[in-house]
Each structure stands twice: as C-alpha cells, then as structure tokens.
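Since the structure comes first, as structure tokens, the remarks are kept for the end.
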Amino acid sequence: TQLLEQSPQFLSIQEGENLTVYCNSSSVFSSLQWYRQEPGEGPVLLVTVVTGGEVKKLKRLTFQFGDARKDSSLHITAAQPGDTGLYLCAGEGRDDKIIFGKGTRLHILP
Amino acid sequence: DTGVSQNPRHKITKRGQNVTFRCDPISEHNRLYWYRQTLGQGPEFLTYFQNEAQLEKSRLLSDRFSAERPKGSFSTLEIQRTEQGDSAMYLCASSLGTNRSPLDFGEGSWLTVV
C-alpha cells in the first residue's frame, strides 16, 4: 500500500517567517503534486513535479522532488496571511492512481 | 467549460437512509476520481474510473458504497443504509487521464448523517 506522510500536521508562524513542509513515502511516484485547499472548497493544484531532483518555483513557494522520487518539500519564503490554508501533497503511483497525504494546516499570523 | 460540478452541495439524512451524489466532470476528461474527506484530514481515495470502466475501489469501502459512470461522462456515488461515520465531504475530481495530468476538483458534497 502506497502511503504519503506529511509533516508537520499543523504549523502556526508569524508573517514574514520562512517555513518548510515535508511529504515522505517509502514508495516511488511517477509524479508528485501539491494542492492548496480553502475551507469548504475542493483542493486547487499548485504544482506538479515529475523528475527526480526537480525544483519548481511559484513566486515565494519553492517545490522540490527528491532524487529518488519518494519525497518532496514545499518551502515558503516570507509567509503572508494569504498563505493560510491546508497544503496537500499527492502522489501518482501504480495504475496512475493518485493518493493524498493527510495535509499540513498552515496558519500565518499577521 | 464550467469545471467539475457536484450535486447536491449539502445533504442531511437520517441514519439508515440511502443517499446519492452526482459528479459532472470536465467534458474532455476521461478519468474520474471519488475521494472522502473528514475535517482536517487529506482526501481519502474511494474509487476511480477510466471512461466507464471502474479501475479500482478502495478496500476500506464497505459494500454499502457503490459508484457508477455509465456512459463515461457523469458519475454517481451511492451510499446505502447510511451510518453516522459516513458523515464527511465527498469530493469528485477529473483529469485527462494521461500520465502526470493533474486533478480538477469539484467543490464537494457535504454529507451529515443524523
């Protein structure tokens, strides 16, 4: 069974600080996606990483896929209150099935 | 295209009743997924379809849950004899189905079993 572990589960930090969220597995994924979800809405895609070691940037967000394609990280620089939300990683595994981690709930304090 | 549409958005039902949710995916998407999400948790995989074929159903799902996608377009998720533990948000997502194509989610259907 493929599983994705996200850490931390909760993170509350002050505006302007940097943070990193981790997504780990013992399984290899053909791609890994990061989503952000607001309360009462469905997740919205932020980025997809497909190559081991790949780094993608989206403004203040930096996403990295591990060399072995088993893990990923999301780094946010100078966090802002608008970054508050549930961040989900999702791996595309065998048979193109996409599974999700339990998420990291991020709260940025103004 | 208006994106993935789910109906109803909210459903309150008494324990033991049957409920059905509908999902209309993005028209050119041939893959459709159902997930269940409880408060503060990530989406839990339920089942997925490639066109009308159901590829996999989660082993965690009891026989009370069934999903169909009869013509490869819209899909329904039925829960029979609902239990309080079924209370959750049921999310539908669709994708092109090609390798590494991302999911487009609907806004979800909230189920409360009383």
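Heads up: the sequence lines are chains X and W, in that order.
According to our numbering, the stretch in the first sequence is residues 1 to 110, in order.
According to our numbering, the stretch in the second sequence is residues 111 to 224, in order.
All residues carry an ideal CB built from backbone N, CA and C; glycine is no exception.
Is residue i helix, strand or coil by DSSP?
i	result
W/D173	coil
X/Q33	strand
W/G195	helix
W/R119	coil
W/G182	coil
X/G82	helix
W/R125	coil
X/R94	helix
X/Q2	coil
X/K102	coil
W/I136	coil
W/L142	strand
X/E41	coil
X/L88	strand
W/L187	strand
W/L149	coil
W/T112	coil
Since residue i and residue j are thought to touch, with beta carbons under 8 Å apart, how far apart are those beta carbons, to the nearest angstrom?
i	j	result
W/I189	W/V114	Not confirmed; about 20 Å, so no contact.
X/F63	X/G52	With 8 Å as the limit, X/F63 and X/G52 do not qualify as a contact, their Cβ atoms being about 13 Å apart.
X/Y35	X/V44	6 Å
X/R69	X/V28	5 Å
X/T77	X/Q6	Going by Cβ atoms, the distance from X/T77 to X/Q6 rounds to 20 Å, so no, they are not a contact pair.
X/I108	X/D83	5 Å
Could you work out which residues of chain W lie near residue i, taking near to mean beta carbons separated by less than 9 Å?
i	result
X/K111	Beyond the ends of chain X as shown, which are 1 and 110, falls residue 111 of chain X; an answer cannot be given.
X/T48	R210, S211, P212
X/E41	F215, E217, G218
X/L88	G152, P153
In the DSSP assignment, the beta strand (DSSP E) including residue i goes from what residue to what residue?
i	result
X/T62	61-65
X/T48	44-49
W/E154	154-160
W/S211	Unbroken run through W/S211: none, as it is neither H nor E.
X/I13	10-14
X/K70	It is not in any beta strand (DSSP E) - X/K70 carries neither H nor E in the DSSP assignment.
X/V55	55-58
X/T20	19-24
W/V223	219-223
Answer with buried or exposed for residue i, where buried requires no fewer than 16 other C-beta atoms within 10 angstroms of its C-beta.
i	result
X/F10	exposed
X/Q80	exposed
X/K57	exposed
W/N209	exposed
W/A177	buried
W/E138	exposed
W/V224	exposed
Quick one: which chain W residues come within Cβ less than 8 Å of residue i?
i	result
X/D96	R141, G207, N209
X/Q64	Within 8 Å Cβ-Cβ: nothing; X/Q64 doesn't reach chain W, min ~17 Å.
X/F100	Y145, G152, P153, E154, F155
X/S30	N209, R210
In chain X, which residues lie with their C-beta within 9 Å of the C-beta of residue i?
i	result
W/L165	D95, D96, K97
W/L201	G42, P43
For residue i, which residues in chain X fall below 7 Å Cβ to Cβ?
i	result
W/Y158	K97
I want to verify the contact list: residues of chain W whose CB lies under 7 Å from the CB of residue i, in sequence order.
i	result
X/Q33	P212
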